[in-house]
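Residue numbers (the working numbering): -17 to 172. All C-beta atoms, glycine included, are put in the ideal place defined by N, C-alpha and C. Okay, so here's the structure we're looking at.
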């Protein structure tokens, strides 16, 4: 409901602003974060780490299943104390696996959020630069809009400028630094 009221207020304000010559644009921030080179690189790193950690968890799960199968085979000949000990070991191993899975998810979520915050902060800088240069009065996040004409969409421009300036996380200065000159060619042999 609150989102609807905000969007409605923006539409009403936009109509009045347009009548007064104000320029309003919007950016699909979620799409921009996914499309900038730094976002793609961060997502690739996170997916690689996720795959590695999933492999570790699958190994633990396999070990747990093996422990369970061994227990099931040996249970008929085990004493009550031995059964109880093995059940406790199984339960402890199961809880450790669950804890490891939860910690992995929490760690990866934290890393993703940290990367996205960094990218979002830089996106805001790029949006501010474009807005100042092109005299936008307001720039909104597409997520808060019910409708806006495609001509007001600044997302592609923001992504392009972000990549020019930051690339995969490098600053523009580092990216445009002049490379070392190659050595002069060797004199011809006589």
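Delimiting residues of the beta strand (DSSP E) encompassing residue i
| i | result |
| --- | --- |
| residue 149 | Element bounds for residue 149: n/a, residue is neither H nor E. |
| residue 9 | 6 to 9 |
Cβ-Cβ separation, residue j to residue i (assumed contact under 8 Å), whole Å
| i | j | result |
| --- | --- | --- |
| residue 140 | residue 14 | 5 Å |
| residue 76 | residue 46 | 6 Å |
| residue 174 | residue 31 | The first residue shown for the chain is -17 and the last is 172, placing residue 174 beyond what the model contains. |
| residue 108 | residue 7 | About 13 Å; that fails the 8 Å criterion. |
| residue 9 | residue 98 | Wrong, their Cβ atoms sit about 15 Å apart, outside the cutoff. |
| residue 65 | residue 57 | 6 Å |
In DSSP terms, what residue i is bridged to
| i | result |
| --- | --- |
| residue 105 | Answer is none; residue 105 lacks a bridge partner. |
| residue 121 | 7 |
| residue 135 | 8 |
Extent of the continuous alpha helix (DSSP H) to which residue i belongs
| i | result |
| --- | --- |
| residue 24 | 19 to 56 |
Chain-order list of residues whose beta-carbon lies under 7 Å from that of residue i (same chain, five-residue window excluded)
| i | result |
| --- | --- |
| residue 82 | 39, 42 |
| residue 53 | 68, 72 |
| residue 35 | 86 |
| residue 150 | 19, 20, 23 |
| residue 51 | none |
| residue 112 | 136, 139, 140, 143 |
| residue 119 | -1, 4, 5, 6 |
| residue 157 | Any answer about residue 157 is weak, because its pLDDT of 39 lies below 50 and its placement is not dependable; what the coordinates show is given next. Hits under 7 Å: 149. |
Cβ shell of residue i (< 8 Å), same chain only, five flanking positions each side left out
| i | result |
| --- | --- |
| residue 203 | Residue 203 is absent from the model: the chain starts at -17 and stops at 172. |
| residue 134 | 6, 7, 8 |
| residue 132 | none |
| residue 93 | 28, 31 |
| residue 95 | none |
| residue 117 | 5 |
| residue 103 | none |
Sequence-distant residues of its chain with Cβ nearer than 6 Å to residue i (five each side left out)
| i | result |
| --- | --- |
| residue 11 | 123 |
Test: residue i CB closer than 8 Å to a CB of chain E
| i | result |
| --- | --- |
| residue 111 | Note that chain E does not occur in the displayed structure, where there is just one protein chain. |
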